[in-house]
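Below: the structure, in structure tokens.
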Amino acid sequence: MTLKFGLAIMNDFPPGVVPASRVSMLREQVRAAADAGISSIWVLQHYLGSMPTLQPVPLLSALAQDAGEMTLGTNMFILPLRHPVEVAEEFATLDHLTGGRAVAGFGMGYRENEFAAFGIPMDDRVGRYDESVRLIRQLWSGEQVTFEGEHFQVVDEKISLTPVQPGGPQVWIGAGPHKKGAERAARLGDAWIVPPHVTPERLAVVLGHYRAERERLGKETSELVVRRELVLDDDRDRARAIGQAARGALTAKYAAYNAPQQGDAYRHLQTDQAATEVADASYLFTDPASAVLALKDLEAQGLTHIVLRMQWYELGQDQVLATLEKFKNEVLPAFR
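Per my numbering, residue 21 is the first one in the sequence shown, and the count goes up by one each step.
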């Protein structure tokens with residue numbers, strides 16, 4: 021299987037930025053990604069943060085024409101905050117607007133203020149998430165559905181809009197890089213998007229948990245997906261400085277919000293030193309040749325899809341396009 025690459029575009033902006041002024045830049049990035057041989061586009065979700073954030077499903081719908089044949093996915097849509105009937109209809113709509121090229125990346129969420137504002141207890145996250153995925157899949161079948169859960173009940177209802185893809189979009193799970201997260205992803209999803217801050221050593225461990233659970237459940241081998249942060253420059257030290265500054269500014273903003281800050285999953289949010297150590301171990305702020313070696317190592321671990329983010333906070337458009345051009349000319353040929 022040829023290793024595939026995705027691009028996670030920046031849809032959360034520094035305070036004071038008017039996102040309308042950036043939409044044309046996002047379109048330019050998507051077109052450049054298509055030209056560079058990238059096969060998928062991804063956007064994130066948050067509510068009520070200090071950074072103006074374009075919501076993912078409307079944004080992907082707006083970018084569908086620029087994306088050509090690329091897949092469009094959410095990384096991640098915060099599933100426990102929404103009703104699964106609404107989510108099923110919303111992603112079915114996205115599937116129609118993209119011609120059957122949508123992927124539903126569903127995450128658990130972690131910011132306490134989001135859950136408090138929606139009136140949903142944090143303790144209900146796991147139960148709501150599990151029920152939602154199961155109910156959404158049933159609705160996407162196009163059949164009459166009766167579902168009796170602790171959090172959601174549907175009696176003899178049928179979705180109004182059957183997705184283009186038979187059975188609906190693939191569900192890619194967002195879960196922490198630990199055994200429970202890996203097993204949840206293996207049980208509920210068509211793939212697991214492993215977060216970008218997971219070190220190569222830790223990645224091998226959690227992928228082992230994921231594969232073992234898939235095998236135990238008798239499920240076929242799925243796409244194996246990891247995210248990585250990428251800045252390319254001929255000068256490796258300059259790439260590191262550019263990436264560390266921009267990604268560090270974003271990390272500081274994210275760390276201001278309440279999170280279950282324990283274990284590897286949130287280590288990068290805890291101190292500046294931890295964030296730097298995570299970046300050096302896991303992010304690809306480097307020259308093209310070194311990026312090829314790191315990506316080859318991921319391919320050797322069995323990864324089939326790597327979602328790359330090339331922009332954070334105040335990093336400019338020119339740098340993003342320069343990284344994309346170097347990726348196209350000096351990295352991607354090593355995987356074709």
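For glycine and all other residues, C-beta sits at the position ideal for the given N, C-alpha and C.
This one's a predicted model, so the numbers in the text were calculated from it and none came from an experiment.
| said: Does residue 46 come out as helix, strand or coil in the three-state DSSP assignment? | reply: helix
| said: The alpha helix (DSSP H) that contains residue 229, what's its start and end? | reply: 220–236
| query | DSSP puts residue 327 in a beta bridge; with which residues? | reply | 26 and 247
| The alpha helix (DSSP H) spanning residue 172 covers which residue range? | In this chain, residue 172 is not harboured by any alpha helix (DSSP H), its DSSP state being neither H nor E.
| field | Residue environment, residue 164, which counts as buried when at least 16 other CB atoms sit within 10 Å | value | Counting Cβ neighbours within 10 Å, residue 164 comes out exposed, since fewer than 16 surround it.
| task | State the beta-bridge partners of residue 304 as determined by DSSP. | result | 250
| task | Look at residue 242 and residue 211 and say whether their C-beta atoms are less than 8 Å apart. | result | yes
| Classification of residue 253 by the beta-carbon crowding that lies within 10 angstroms, buried from 16 upward | By the neighbour-count rule (16 or more Cβ atoms within 10 Å), residue 253 is buried.
| request: Buried or exposed for residue 340, please, with buried defined as at least 16 other CB atoms from any protein chain shown within 10 angstroms of its CB. | output: buried
| Quick one: what does DSSP say residue 75 is sitting in, helix, strand or coil? | coil
| Candidates 49, 62, 39 and 36: which alpha carbon is nearest residue 325's? | 62
| task | Following the continuous alpha helix (DSSP H) through residue 339, name the residue where it begins and the one where it ends. | result | 337–346
| message | Suppose the cutoff is 8 Å on Cβ atoms and the five residues either side in sequence are ignored; what does the same chain contact list for residue 307 look like? | response | 252, 253, 254, 255, 256 and 259
| request: Would you grab the beta carbon distance between residue 198 and residue 298 for me? Rounded to a whole angstrom, and I think it's under 8 Å. | output: The Cβ separation is near 16 Å, so there is no contact.
| said: Suppose only complete runs of 3+ residues qualify. What are the beta strand (DSSP E) ranges in the stretch 115–201, listed by chain order? | reply: 122–127, 165–168, 173–177 and 190–194
| query | In angstroms, rounded to a whole number, what distance separates the CA positions of residue 64 and residue 127? | reply | 10 Å
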